[in-house]
Each structure stands twice: as structure tokens, then as C-alpha cells.
Amino acid sequence: MVKTPFCVFDLKTGVPCTKCQALIESGKYSMLDFEVSKTLYEIEKGFPFLKDAEYVRSLEVSGILVIILRGIEEVYRSYIRHLEARIARALVYRRFKNIKVVLEKHDLRAMAEQLLSPARLISFTVVWFPDGSSEYVFRIRRSDFKRLPYPVNVLEKIIGSILQKPVKISSI
């Protein structure tokens, strides 16, 4: 069973209890997180690898839904596309342009590569500014820019909200 921060009974009924409602009202999770958790709970019978997965959070940027999961082995990476399609069918009323499932990794480069794929990430650096702030810079070949799955500014927003730091995507 997918591990989510919400009660199983709430996911079955679609109505959050007081404890789960408190999680939503505190800002730790949103109603979007609840809806995505409910959808994952409903479709997990068709995807046995989801029983070991843990739901982390969801982001919506420019009509693109990014779902971050933890605990899925790389062996099941090919099934992620099928999972994305099934989630898109289940959440058709929300009218997301695209749905992307990202496997949470401790390596920031690996997470960024999942979002930038099929374009190849050449380098990943942290730029420190004199005022003490920093920015992540991801470099991609100029020829790979047309292979990016989403516009550059949208990818910068998505990766920036995952990493919670400013992000810039540039070409070599």
C-alpha cells in the first residue's frame, strides 16, 4: 500500500478527517496532495511496485502536475509512464496539461535529469553570490534545448520549487 500522510479511511471516502484537515490547514500539505494520494490509493492494485512506495508531495506549475515518490526501485522505471497515464485518466477533471512522476533521490542531479529527460544534463553547479545567496545552474547542450519536455522557464520553476532555491538552465 502506498504510504501517504493521510488516513486510509479518508482516502477511501474522499473526505479528510480532523487530523488530516489539520495537516492541510497547517500548510504542510495541500488539497492537491490529498487528491493525488487518493488517486494513488485507488490505482495501486494495477501497479504492484506502488506497495513499497511513499508519497512525498505534489507540485502544480503552469498546468503541469509533478508527483514526487520515494522508495520505488530503478527496475520499475519503465512502468512510470504507464502510471502517469493512469493518473492523468483518473484526474481528468483537473485538466492538467501533463503529469510527471519523479522518484525522489538524495542526488539532486538525478532528480533534475528525470525532469529534463530526454535532454542530457552536462553539468550541475551551485553559484554563490557575494551577499551569501546561491543559485543552481544546470547546463545542457544547445542542441538538446529542443528536446526539453517543457519550456525552460517552466522547468526552472519546477526544479526551483523542488529544491527550494533559484534555478537557471543554460546552454553550453
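Everything in the sequence shown is counted per our numbering, starting at -17 for the first residue and increasing by one.
Glycine is no exception: its CB is placed at the ideal position from the N, C-alpha and C atoms.
Please read these numbers as outputs of a predicted model, since none were measured by experiment.
| Item | Value |
| --- | --- |
| Quick one: give me the first and last residue of the alpha helix (DSSP H) that leucine 47 is part of. | Unbroken run through leucine 47 is the beta strand (DSSP E), 46 to 52; no alpha helix (DSSP H). |
| Can the beta-carbon of glutamate 66 be found less than 8 Å from the beta-carbon of lysine 82? | yes |
| Could you pull the start and end residues of the alpha helix (DSSP H) that serine 8 belongs to? | 0 to 8 |
| On a CA-only basis, which of Cys(-11), Lys150, Leu137 is nearest cysteine 2? Give me that one, please. | Cys(-11) |
| For glutamate 36, list the residues DSSP reports as bridge partners. | Lys(-15), Arg52 |
| Using a Cβ-Cβ cut-off of 7 Å (strictly less than) and excluding sequence neighbours within five positions of tyrosine 58, which residues of its own chain qualify? | Phe31 |
| So, are the CB atoms of isoleucine 122 and serine 143 less than 8 Å apart? | no |
| Relative to the C-alpha of proline 148, which residue among Val134, Pro133, Asp126, Tyr118 is closest? | Tyr118 |
| May I ask you to verify whether the region 32 to 48 touches the region 72 to 90, counting CB pairs closer than 8 Å and requiring at least 3? | yes |
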